[in-house]
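Each remark here refers to the structure printed beneath this line.
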Amino acid sequence: MDELPGAADAVSLHAPLTAETSKLLGAAAFERMRRGAFLVNTSRGGLVDQDALADAVGFTGSTGGGRALYDLAVGRENPIPFYGELGSINPVVVTEAVVAARGREVAEGLAGSFRLGTGQFCTKPGVVLVPADSGFDTQVADAVRPSEPAPMLTARMRDAFQAGIAALSEVPGVRELVKAEPRGRPVWP
């Protein structure tokens, strides 16, 4: 592990936060990193020694996760900049002409986009606007239906996802088009 930071243009952390991984990367690792290299921490903030962060923090993802990182960045003895894209909805508009010309193709692409990474990518479409009675909802449901549920990254993400579904199901006019049941693999870690 000691030689990795100096050999990579980017270091990506994918580890649980434990006593052994706490502050896995610190000042010594940052000193060995190449100039211009990136650190991508996809896990918990405690994997990185917060006081050793070099110049700035960038984050794309949930508002809660981003706010936690922002608070750490500006709360340091010597605050550092925080660059974040938090809680994007990423709207998509599908017109009648698109549905008529290539609805199934667009539905399959859309379904693939929000299924990518079990729906945990922050760049997925968050709301799709379609003409009423266009049949596009059925095309998307047909594209999603063959998918097998996959594990979420963390139990917290799973719980937040399930809470979001529960909240949306209470909104008048919202209807569930496809419900996936685990087939051989759980939808949680």
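Under my numbering, think of the first position of the sequence shown as 8, with each following residue one higher.
Note that CB positions come from ideal geometry on N, CA and C, so glycine has one too.
Under the criterion of beta carbons closer than 8 Å, residue 64 and residue 87 qualify as touching, at roughly 6 Å. Taking C-alpha positions only, residue 111 is separated from residue 146 by approximately 6 Å.
About 10 Å separates the beta carbons of residue 53 and residue 79, which is beyond the 8 Å limit, so they are not a contact pair.
Residue 69 and residue 175 have their alpha carbons spaced roughly 18 Å apart. With contacts defined as CB atoms closer than 8 Å, residue 62 and residue 34 fail to qualify as a contacting pair. For residue 80, the enclosing alpha helix (DSSP H) has its first and last residue at 70-81. Assignment of residue 67 by DSSP, reduced to helix, strand and coil, places it in the strand class. For residue 141 and residue 115, the gap between their C-alpha atoms comes out near 16 Å. The DSSP-derived three-state label of residue 33 is coil.
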